[in-house]
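Peer 1: Numbered per the working numbering, the sequence shown spans residues 12 to 217. For glycine and all other residues, C-beta sits at the position ideal for the given N, C-alpha and C. In this text, all values refer to a predicted model and were calculated from it rather than measured experimentally. Sharing a structure, written as structure tokens. Questions coming.
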Amino acid sequence: MKKKLLEIFVCMLLLTTMLPMTVTVIAGDEENPEVEDRTLDVKLFGFIGFPLQTSFKYADIVSAWFSEESTDTDNLYVSIKVMDLQEKTNLEAIYDVNWVLNNKRYLTCVHANPNGYGPFLIGENTYGGDDYEWDTCSGNFDLDNNIITWEIPKDAIGNPQKGDKLTYIFPSTHLRFRDDSNLPRMDLFKDLAWNAKIIKDYTIEY
Ligand SMILES: [Ca+2]
Ligand SMILES: [Ca+2]
Numbered sequence: 012m013k014k015k016l017l018e019i020f021v022c023m024l025l026l027t028t029m030l031p032m033t034v035t036v037i038a039g040d041e042e043n044p045e046v047e048d049r050t051l052d053v054k055l056f057g058f059i060g061f062p063l064q065t066s067f068k069y070a071d072i073v074s075a076w077f078s079e080e081s082t083d084t085d086n087l088y089v090s091i092k093v094m095d096l097q098e099k100t101n102l103e104a105i106y107d108v109n110w111v112l113n114n115k116r117y118l119t120c121v122h123a124n125p126n127g128y129g130p131f132l133i134g135e136n137t138y139g140g141d142d143y144e145w146d147t148c149s150g151n152f153d154l155d156n157n158i159i160t161w162e163i164p165k166d167a168i169g170n171p172q173k174g175d176k177l178t179y180i181f182p183s184t185h186l187r188f189r190d191d192s193n194l195p196r197m198d199l200f201k202d203l204a205w206n207a208k209i210i211k212d213y214t215i216e217y
């Protein structure tokens, strides 16, 4: 009988310690990203792998996630982490995160090049195809932690409500000749999320 009581007590103790853990993993953050990509997987033209990845760590996606703050419910934060973020890059480096919300496609974007980075953009795919209507938004290049974050006013993405789902989340990076050169604007190198280990939906919290 004593043994049985002890077993019940241990079970209850385990349950109470596990419960807070299951609550904290609901929202997206760096530890629980919506997308976890593989590393050292930047590809020539987006599909040809190669071994010398050291020079391309600034374009190598590690993960991407969405987050909100209970004290700032008007904004949605989108973050992308790369292996080694650089403030200035030799090639034109383009960082994108795509998603679908209430049947519309959205895209965040920021460029880096030899002059630095910015502006931070949020695009709404209003007319279909690849045409986006762009707005600028706030953002941050966190060079210490290799994280880019867009701060997106929810009214720029159709004012989503609590419980709405962001689906088809797809981060990507694109390296091409500098936009201020006269060379063609074709992607030379890309890291795409097709080979990601995890891709999950994000549910609006507030
Ligand atoms: Ca990667
Ligand atoms: Ca990838």
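1. Only counting runs of 4 or more residues, tell me where the alpha helix (DSSP H) segments fall wholly within the region 36–114, in order along the chain.
2. DSSP puts Trp-161 in a beta bridge; with which residues?
3. Looking at the unbroken beta strand (DSSP E) that takes in Thr-137, where does it start and where does it end?
4. How big is the Cα-Cα spacing for Thr-184 and Thr-214?
5. Are there any heavy atoms of ligand 1 lying less than 7 Å away from the beta-carbon of Ile-210, as far as the coordinates show?
6. Do Leu-118 and Ile-168 have their C-beta atoms within less than 8 Å of each other?
7. Give the DSSP-derived three-state secondary structure of Ala-256 in the structure shown.
8. Would you say the beta carbon of Asp-175 is closer than 7 Å to some non-hydrogen atom of ligand 1?
9. Under the rule that 16 or more other beta-carbon atoms within 10 Å means buried, what is Val-34, buried or exposed?
Peer 2: From the atom records:
1. none
2. The residue given as residue 161 occupies position 150 in the sequence shown. Looking at the DSSP assignment, Trp-161 forms a beta bridge with Val-89, Gly-150.
3. Locating residue 137 in the sequence shown gives position 126, counting from the first residue. No beta strand (DSSP E) holds Thr-137; DSSP gives it neither H nor E.
4. Within the sequence shown, numbered from 1, the residue matching residue 184 stands at position 173. Within the sequence shown, numbered from 1, the residue matching residue 214 stands at position 203. Whole-angstrom Cα-Cα distance: 24 Å.
5. Along the sequence shown, one-based indexing puts residue 210 at 199. No; taking the cut-off as 7 Å, the Cβ of Ile-210 has no heavy atom of ligand 1 nearer than that.
6. Sequence index remark: in the sequence shown, residue 118 carries index 107 (1-based). Sequence index remark: in the sequence shown, residue 168 carries index 157 (1-based). Their beta carbons are not under 8 Å apart, which means Leu-118 does not touch Ile-168 by this criterion.
7. The question about residue 256 has no answer here: the residues shown for the chain are numbered 12 through 217.
8. What you label residue 175 is simply residue 164 of the sequence shown in a count that begins at 1. No, the beta carbon of Asp-175 sits no closer than 7 Å to any heavy atom of ligand 1.
9. Taking the sequence shown and counting its residues from 1, one reaches residue 34 at position 23. Unreliable positioning characterises Val-34 in this predicted model, as indicated by a pLDDT of 38, which lies under 50. A coordinate reading is not provided.
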